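203 is the number of the first residue of the sequence shown in our numbering; add one for each residue after it.
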Amino acid sequence: MSSGIYAPCPELCFVQVANNLDLHELVKVGNALCGTFFIDPKARNGLGKRRPLTSVRRIGAFIGRNPGILGAKPARRALGLMVDGAASPPEVFLAMALGLPYRFGGYQLPGIAANRRIKPSSKARAIAHRNTLVPDILCESSRLDIEYDSNTEHASAVQLTRDAQKRLALEADGYKVITVTARQIGSQGEMRKIAEQSRRRMGTRLRPQSAAFRQQQRALFRTGWSLSRYHRREWLEGAPEPVAPAPPCPTPADALTAPGRALRCPAVPKRWPLSDAGTFSGLESTTLEPNSPEIEGGASPGITPQGNTPEM
């Protein structure tokens, strides 16, 4: 940072917030730290791309080296529920809703992985016109891919074509592709249907027998997918926090024009409240685009956008 100013490493940051967040919020924050995106209000879709700040393995290693640190116990509990590689806030939530155990309100699909790169067959490569494919949410053992379709990105004809090619290529290699829309991801009923479809693919049935399932699932869906509470637009844009201008102190001339009235310097002004962080919820973005010239340098301090869009 700079002389006299310190910032925690991502692993310590996660352990510190573990003291103040419930389990669902903590898993969401952890997945975001281990994800490949950052919130960028200057970008068209509200997101920028970066290398993950940390990983589940690195956080676990940090806790192992500091077992007595405050927050280690809840952080360790959340660690086993997290995934690496989510590319947007909706993917973070989708991995949670489908992958968390029943007792935490999820549908307990085994082997959930986010954006794990796979190598398709030569037939699939010819269909997709690329050498690798990156399913949004992959259950490799059952050859199941769950794709999140964002509204904004799918208004693009180019993106629609790429998505169609990706789906056809995966199906050519024997994968079952299930699509989840922005409307479905926020609905408990719709997400149950997605989970039931997934379970049928796996040859098993959905059986949330935990007594706490319904209560925990309500809590999970109240948590939602938005990360707006964890950032402020002023920090992301590098703008200084606005301060109300101080009225000037009275001068000798003021005393002459107001005889008999005590004149004092005004109190130090209070800071104006920061503006709301915006309404970005991540619903409109999954595929991250290359940084265009107008948004270069728009990342939050210490985070540098990394290159081009990954192959999807």
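We treat Cβ as the ideally placed atom computed from N, Cα and C, and that holds for glycine.
Predicted model, so just to flag it, every value in this text is computed and none were measured.
The count of Cβ pairs closer than 8 Å, one atom from the region 262-278 and one from the region 316-336, stays below three, leaving the stretches out of contact. For Lys-251, the uninterrupted beta strand (DSSP E) run begins and ends at 249-251, by DSSP. Secondary structure note for Asp-347: its beta strand (DSSP E) is the uninterrupted segment 346-351. When the Cα atoms are used, Gln-310 and Arg-253 turn out to be separated by approximately 28 Å. Of the residues assessed, Pro-312 falls on the exposed side of the cut-off, its CB having fewer than 16 other CB atoms within 10 angstroms. The residues Lys-230, Asn-233, Ala-234, Gly-237, Ala-288 and Trp-427, in chain order, have a CB closer than 7 Å to that of Val-294 in the same chain once the five nearest residues on each side in sequence are set aside. In the pairwise beta carbon analysis, the region 409-420 is classified as not touching the region 371-383: fewer than three pairs are separated by under 8 Å.
For the pair Thr-381 and Asp-351, the Cα-to-Cα distance works out to about 7 Å. Taking a C-beta distance under 8 Å as the contact criterion, Gly-270 and Val-217 do not qualify as a contact pair. In this chain, Leu-272 is not harboured by any alpha helix (DSSP H), its DSSP state being neither H nor E. The three-state reading of DSSP puts Cys-341 in strand, counting E and B together. Look at Leu-408 here: in three-state DSSP terms it is coil, with no helix or strand label. Looking at the DSSP output, Lys-378 shares a beta bridge with Leu-346. Taking a C-beta distance under 8 Å as the contact criterion, Ile-348 and Leu-335 do not qualify as a contact pair. Residues Ala-397, Glu-398 and Arg-401 of the same chain have their beta carbon placed closer than 6 Å to that of Leu-408, with the five preceding and five following residues left out of the count. Residues of the same chain with a CB within less than 6 Å of the CB of Glu-392, apart from the 5 flanking positions on each side, are Gln-386 in chain order. A distance below 7 Å between beta-carbons, with the five flanking residues on each side excluded, links Glu-213 to the following residues of its chain, in chain order: Thr-256, Arg-260, Ile-261 and Phe-264. Around the beta-carbon of Pro-210, fewer than 16 other beta-carbon atoms lie within 10 Å, marking it exposed. DSSP, reduced to helix, strand and coil, places Ala-288 outside both helices and strands of the structure shown, so it counts as coil. Cβ-Cβ distances below 8 Å link Ala-280 to Ala-220, Leu-225, Leu-228, Val-229 and Gly-232 in the same chain, with the five nearest sequence neighbours on each side left out; the list follows chain order.
Less than 8 Å divides the Cβ of Ile-339 from the Cβ of Ala-297.
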